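> Encoded as structure tokens, here's the structure I'll be asking about.
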Amino acid sequence: RLGWGTPGRVCGSPRSIMRGVPSVMRAAVVRAFGGPEVVRVAGNVPVPKLAPDEVLIRVAAASVSPLDTRVRSGYAAALFAPMLPLILGRDVSGTVVALGTNARAFRIGAEVFGALSPVSGRGSHCEFVAAREVHLAPKPTAWTHASAAATPFAALTAWRALVGDCQLRENDKVLVNGLGSTVGNFVAQLAKHAGAAVVAGSVGKRSVERVANELKIGKENLWIYDSSTGQSRGDTSSNIKKQTMLVHAEENNWGAFDVAVDLVGGESSERLLAKLLKKGTGRLATLHGNLARSIGENGILTGTALGSLELARKKTLYRMQHDIGYHWTVMRLDADAFRAIAKMANEGTLAPPRTKSYKLEHVRHAFQATESNEFAGKIVLEP
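Residue numbers are given in this note's numbering: position 297 of the sequence shown equals residue 297, and the series is strictly consecutive.
Given below as structure tokens:
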């Protein structure tokens, strides 16, 4: 017994019951925090019961995100420890097999995709998952389930940074530290879709060709952070010394930016981006704020209070030192934003990341692949 109670019906209402839905399922379960070895597949996990506004999804694909690896390792333990045993997974693509009593948006058999709450203890690394229908959308017909499962959480994070925190406007210039990442890819795509005048940023040398080609960004707007020689206007001769982003920006006439998104983290990254922002109107968003960590270390009430004080301090500091706005980006479920993202995906104006799939029974290898960063794309589980 894993601690989820006695397996039973999917939900108490006859409307939510469908023939062929079992009472138990296979799931990748985390009973204690640690390395990839703590994730084990169990076969007697109860199928989720449904709230009135939820649907039950037979999972076809679910991503393994960096957040999943951090939570598994003990990140924000005070928040997640009471939820043990955990089922991780924040993205899902699959088929609706049962409906809550008030669920009306989808029919049985509909193929859907969407994101789950970042603080849920019952995720998508399993055969069946319950999700609120408002946070789901029809799977793009041209996409595989793997592509669909690789998109929602990262795209919503990018949306939150650009639209929610930095209030992106048409003709803004956007700078991204970490363009080679999945979130960086979506930041660039969303910025271009919104009419950004320029998108530039940092990228690793193994990803520069992919980023330049997929995102249609000129190499003069890409600083290769791990190049031994640097790059200046396409010149890669061995006599060029390694450049900093600031030098590359000056030599390639980047000018000042309106928005900067930090996907790398750390004070040095934030200070670097701050120097490239417009004084007075520049906005910096980092995905590496301390709110979740503070909550994890101190509990929800104390952690939220301490995190809010630290954020207020940094907002003041960056306004005084650099005259820019400063934000901590935290992914939130946003039904309106996801509808817009899904619309772009279905229209073909938003491209999914590359994916590499693992079977559920190989979940440990999937976690190892995510943490190694050897694959330039998203790792996906397929039950």
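No residue lacks a Cβ here, since even glycine has one placed at the ideal position from N, Cα and C. Predicted, not measured: the structure shown is a model, and the values here were computed from it.
(1) Let me check one thing: in DSSP terms, what residues is A98 bridge-paired to?
(2) Since I believe L88 is in contact with G123 (beta carbons under 8 angstroms), could you give me their beta-carbon distance rounded to a whole number of angstroms?
(3) Just the C-alpha distance for V330 and V247, rounded to the nearest angstrom, thanks.
(4) Put S238 into one of helix, strand or coil per three-state DSSP.
(5) Can you give me the C-alpha to C-alpha distance between F106 and L277, rounded to a whole angstrom?
(6) Do V259 and C126 have their CB atoms nearer than 8 angstroms?
(7) DSSP beta-bridge partners for W159?
(8) Does G201 come out as helix, strand or coil in the three-state DSSP assignment?
(9) What distance in whole Å lies between the Cβ atoms of G325 and L284, which are believed to be in contact at a cut-off of 8 angstroms?
(10) Pull up the distance between the alpha-carbon of T302 and that of N221, whole angstroms please.
(11) Could you have a look at L301 and say whether DSSP puts it in helix, strand or coil?
(12) For N171, is the classification buried or exposed, using 16 other Cβ atoms within 10 angstroms of its Cβ as the cut-off for buried?
(13) Buried or exposed: E54, going by 16 or more other Cβ atoms within 10 Å of its Cβ?
(14) Let me check one thing: in DSSP terms, what residues is V176 bridge-paired to?
(15) V39 bridges to which residues according to DSSP?
(16) Where do the ends of the alpha helix (DSSP H) carrying P138 lie?
(17) Quick check on the DSSP output: the beta strand (DSSP E) that includes G114 runs from which residue to which?
(18) Drop a sphere of 10 angstroms on the beta-carbon of E374, count the other beta-carbons inside from all chains shown, and report buried for 16 or more, exposed for fewer.
(19) Thinking C-alpha only, which one of K139, A103, L381 is nearest A110?
(20) What do you get for I394, buried or exposed, if any count of 16 or more other CB atoms within 10 angstroms of its CB means buried?
(21) What's the gap between the Cα of R332 and the Cα of E371?
(22) Starting from K378, follow the beta strand (DSSP E) in both directions and report where the run begins and ends.
(23) Hey, could you find the ends of the beta strand (DSSP E) S357 is sitting in?
(24) When you compare only the Cα positions, how much space is there between R354 and A60?
(25) Provide the residue span of the beta strand (DSSP E) that contains L222, from first to last.
(26) Taking the straight line between their C-alpha atoms, what separation do you get for V30 and T141?
(27) Taking the beta strand (DSSP E) that H459 belongs to, which residues open and close that run?
(28) Following the continuous alpha helix (DSSP H) through H248, name the residue where it begins and the one where it ends.
(29) Threshold first: 4 residues or longer. Then list the alpha helix (DSSP H) segments lying entirely within the segment 270-322, N to C.
(30) Candidates G289, A366, V380: which alpha carbon is nearest G35's?
(31) Give me the Cα-Cα distance between M25 and R58, rounded to the nearest whole angstrom.
(32) In whole angstroms, give me the CA-to-CA distance for H193 and W159.
(33) Where does the unbroken beta strand (DSSP E) through H327 begin, and where does it stop?
(34) Who are the near neighbours of G234 in its chain, counting only those whose CB is closer than 8 angstroms to its CB and skipping five residues on each side?
(35) Shortest alpha-carbon distance to L350 belongs to which of G266, A154, I224, R70?
(36) So V183 and L291 are in contact, right, with Cβ under 8 angstroms, and what is the actual spacing, rounded?
Taking the geometry as given:
(1) DSSP lists L56 as partners of A98.
(2) A Cβ-Cβ distance of about 5 angstroms is found for the pair G123 and L88, placing them in contact under the 8 angstroms criterion.
(3) Near 31 angstroms, if we compare the C-alpha coordinates of V247 and V330.
(4) Here S238 scores only 40 on pLDDT, less than 50, and its place in the model should not be relied on; the value that follows carries that caveat. Looking at S238 - three-state DSSP - the assignment turns out to be coil, as it is neither helix nor strand.
(5) Computed Cα separation, rounded: 44 angstroms.
(6) No, these two residues do not count as a Cβ contact at 8 angstroms.
(7) BP columns for W159 are empty, so no partner.
(8) G201 falls in the strand class under three-state DSSP.
(9) L284 to G325, Cβ: 7 angstroms. Contact.
(10) Going from the Cα of T302 to the Cα of N221 covers about 42 angstroms.
(11) In the structure shown, L301 sits in a helix (DSSP, three-state: H, G or I).
(12) By the Cβ-count criterion, N171 is exposed, with fewer than 16 other Cβ atoms from all chains shown falling within 10 Å of its own Cβ.
(13) It counts as buried.
(14) Answer is G201, V261.
(15) Per DSSP, V30.
(16) From DSSP, P138 is part of no alpha helix (DSSP H) but of the beta strand (DSSP E) over 136-138.
(17) Where G114 is concerned, the enclosing beta strand (DSSP E) starts and stops at 111-115.
(18) If you draw a 10 Å sphere on the C-beta of E374, you find fewer than 16 other C-beta atoms in it, and that means exposed.
(19) Cα-wise, what sits closest to A110 is K139.
(20) Because the chain is modelled from 1 through 383, residue 394 falls outside the range shown and cannot be assessed.
(21) Distance between the alpha carbons of R332 and E371 is about 23 angstroms.
(22) For K378, the enclosing beta strand (DSSP E) stretches over residues 378-382.
(23) Here the beta strand (DSSP E) through S357 covers 355-359.
(24) The straight-line gap separating the alpha-carbon atoms of R354 and A60 is approximately 17 angstroms.
(25) Taken as a continuous stretch (DSSP letters only), the beta strand (DSSP E) holding L222 covers 222-224.
(26) The alpha-carbon atoms of V30 and T141 are separated by roughly 33 angstroms.
(27) Only positions 1 to 383 of the chain appear in this structure, which leaves residue 459 out of reach.
(28) Taken as a continuous stretch (DSSP letters only), the alpha helix (DSSP H) holding H248 covers 245-251.
(29) Listed in chain order, the complete alpha helix (DSSP H) runs (minimum 4 residues) inside the segment 270-322 are 291-298, 300-322.
(30) Here the closest residue by C-alpha is A366.
(31) C-alpha separation (whole angstroms): 10 angstroms.
(32) In this structure, the straight-line span from the alpha carbon of H193 to that of W159 is close to 12 angstroms.
(33) Going by DSSP, H327 is part of the beta strand (DSSP E) stretching over 325-328.
(34) Confidence is the limiting factor: at G234 the pLDDT is only 42, short of 50, which leaves the residue's position unreliable, though a coordinate-based value still follows. When the five nearest sequence neighbours on each side are left out, the beta carbons in the same chain lying within less than 8 angstroms of the beta carbon of G234 are those of K219, E220, in order along the chain.
(35) If we check each option's Cα against that of L350, A154 comes out closest.
(36) About 17 angstroms separates the beta carbon of V183 from that of L291, a gap too long to meet the 8 angstroms contact definition.
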